[in-house]
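Quick note on numbering: this note's numbering labels position 88 of the first sequence as 98, and the sequence is numbered without any gaps.
Here a beta-carbon is modelled for each residue, glycine too, at the ideal position from N, C-alpha and C.
Predicted model only: the values in this text are computed from it and were never measured.
Report on the following structure.
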Amino acid sequence: MGGDEAVWGIVLGVWASPVPELPEVETVRRDLVSLIAGKKISDVIIRDRRVLEGFGPRGGPRRAVRAGEFTRALVGRTVRDVLRRGKYLIFDVGEDLSFLAHLRMTGRLVVGPVAADARAHFAFEEMSQVLSFSDTRRFGELWLAKDWRRDPSIAALGPEPLDESFDASAWGRDLRRSGAKMQSALLDQKRMAGLGNIYVTEALFLSGIRPTRRARTLKSSQILPLIENIRRVLQEGLSHRGVSFRDYRDARGQRGQARDRLLVYGKAKSPCPRCNTLFRGLKVSGRGTVYCPKCQK
DNA sequence: AGTGGCTCCTGAGCGC
DNA sequence: TGCGCTCAGGAGCCAC
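Have a look at this one:
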């Protein structure tokens, strides 16, 4: 961890530990397409088999994984493409098979020398560098799917906010029928895929909506601006290659620069740039958020 | 339907 | 200096 990050934690008065969201995962995806698309997998090393098991009820393993099954299924396959749905990465290795990755909180997928802390890594033919999956907190997962669109995690996801086909009016109607608080509503991956705490917090600030505001109390005139602001913060994150506080890195191991663009996230007790009122931090349904008590209603 | 609480895990902050 | 406690958080699942 770099010293500047520690200083930031102190300056902000909050130890923000954000995790990869849509812009960060999309940045990794784009990097991976240029780095490994078309490459043939020559070996898969699983150093920590829990990376394949995931978490089920009471934290137990979600899937039974036979030793070697994952490796045998993938060796000799070519990575045809790398796709993204929400915060999930999908490695297309054939009509009949994909492998999926979720970085959860601290996961990294980096192409380079084998990472010292890699839980797993993939080697490719005619390529000296490997794809390492490192993950300090070990919440991340890798798993196989015959048809990724039918994978239960993927199938449950809501629409992609940056898709051209995103149906704003249907989404708005659905949102305004929900009794959930806005912070929870936007974090719900079934309602919209890809948002996490950072971008939800930023989008609500830009929209003048309190995190605790009930979705069904929004005016219909607030829906389109909200969607525009969600898209704006996601695009801003994307164009600066994601927000790095502590753990996030792109697939080349580089930090993203979008942290400098954040207006509210992690800035509790700082003055609002619009009205100078001090931002307030609070928990909404177990999630930390920050808002301006004057600008956000 | 929404929420709270719990699980996985580890490192940072903090009280003493 | 260092130990032990608390907290954070994505997703899944359960209870209310």
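**OP:** Give the C-beta separation of L152 and A203 to the nearest angstrom, bearing in mind that I take them to be a contact with Cβ-Cβ under 8 Å.
**Re:** L152 to A203, Cβ: 19 Å. No contact.
**OP:** Using three-state DSSP, classify P67 as helix, strand or coil.
**Re:** helix
Original post:
With which residues is L119 paired in a DSSP beta bridge?
Top reply: Bridge partners of L119: F143.
Original post:
If we ignore side chains and look at the alpha-carbon of each, how far apart do H250 and R73 end up?
Top reply: Approximately 36 Å between the Cα atoms of the pair.
Original post:
Of the choices R60, A155 and V75, whose alpha-carbon is the least far from that of G69?
Top reply: R60
Original post:
Just the Cα atoms here: how many angstroms apart are D157 and R95?
Top reply: About 14 Å.
Subject >> Minimum C-alpha distance to L214 - residue among T116, S230, A195 and A166 >> reply: A195
**OP:** Between the Cα of F289 and those of C302, R118, S295 and R57, spot the shortest distance and give me the residue it belongs to.
**Re:** Looking at the Cα atoms, C302 is the closest of the given residues.
Original post:
Under a Cβ-count criterion, where at least 16 other Cβ atoms within 10 Å of its own Cβ denotes burial, should G247 be classed as buried or exposed?
Top reply: buried
Original post:
Sorted by chain position, which residues of the same chain lie with C-beta nearer than 8 Å to Y209's C-beta, five sequence neighbours on each side aside?
Top reply: Non-local C-beta neighbours of Y209 in its own chain, meaning closer than 8 Å and more than five positions away in sequence, comprise E31, L32, P33, I240, V243, L244 and G247, ordered along the chain.
Original post:
Ends of the beta strand (DSSP E) at A111?
Top reply: S108 to H112
Original post:
Based on the DSSP secondary-structure assignment, which residues constitute the bridge partners of T88?
Top reply: Beta-bridge partners assigned by DSSP to T88: K50.
Subject >> DSSP three-state assignment for G247, whether helix, strand or coil >> reply: In the three-state reduction of the DSSP assignment, G247 falls in the helix class, which pools H, G and I.
Subject >> Strand pairing of F132, partner residues [DSSP] >> reply: V54 and L141
**OP:** Assuming V124 and V92 form a contact by the criterion Cβ under 8 Å, report the distance between their Cβ atoms to the nearest whole angstrom.
**Re:** Going by Cβ atoms, the distance from V124 to V92 rounds to 20 Å, so no, they are not a contact pair.
**OP:** In the DSSP assignment, find the beta strand (DSSP E) that holds F101 and state where it starts and stops.
**Re:** Y98 to D102
**OP:** Using the DSSP secondary-structure output, state which residues sit across from T299 in a beta bridge.
**Re:** L292
Original post:
If you check the beta carbons only, do A165 and R159 fall under 8 Å apart?
Top reply: Yes, the pair counts as a contact, with Cβ atoms nearer than the cut-off.
Subject >> Local conformation of V17 per DSSP, three classes >> reply: Note that V17 has pLDDT 33, beneath the 50 cutoff, so the model's placement of it is unreliable and no number is given.
Original post:
Which residues in the same chain have their Cβ closer than 8 Å to the Cβ of R262, if we skip the five residues on either side of it in sequence?
Top reply: Cβ neighbours of R262 beyond the five flanking positions: D41, L45, V120, V121 and G122.
Subject >> Minimum C-alpha distance to V75 - residue among F255, R87 and D58 >> reply: D58
**OP:** Look at the alpha carbon of M192 and the alpha carbon of Q139, and state the distance between them as a whole number of angstroms.
**Re:** 43 Å
Subject >> Limits of the unbroken alpha helix (DSSP H) element including E2 >> reply: Here the chain covers residues 11 to 307 and nothing more, so residue 2 does not appear.
Subject >> Extent of the continuous alpha helix (DSSP H) to which W158 belongs >> reply: W158 -> no alpha helix (DSSP H), and no H or E assigned at all.
Subject >> T211 and T299 closer than 8 Å at C-beta >> reply: yes
Original post:
Could you check where the alpha helix (DSSP H) with D8 kicks off and where it finishes?
Top reply: The shown model of the chain, from 11 to 307, leaves out residue 8, and the question about it has no answer.
Original post:
By how many angstroms is the C-alpha of A225 removed from the C-alpha of A190?
Top reply: One C-alpha to the other measures close to 6 Å.
Original post:
Using CA coordinates, which residue listed in Y98, V89, L113 and L99 is at the minimum distance from D106?
Top reply: V89
**OP:** Mind the definition here: the segment 173–180 touches the segment 259–274 only if three or more C-beta pairs lie below 8 Å; say whether that holds.
**Re:** Between the segment 173–180 and the segment 259–274, the count of C-beta pairs closer than 8 Å stays below three; the two stretches do not touch.
Original post:
By Cβ distance, which residues of its chain are closer than 6 Å to K293, with the 5 residues on each side in sequence left out?
Top reply: none
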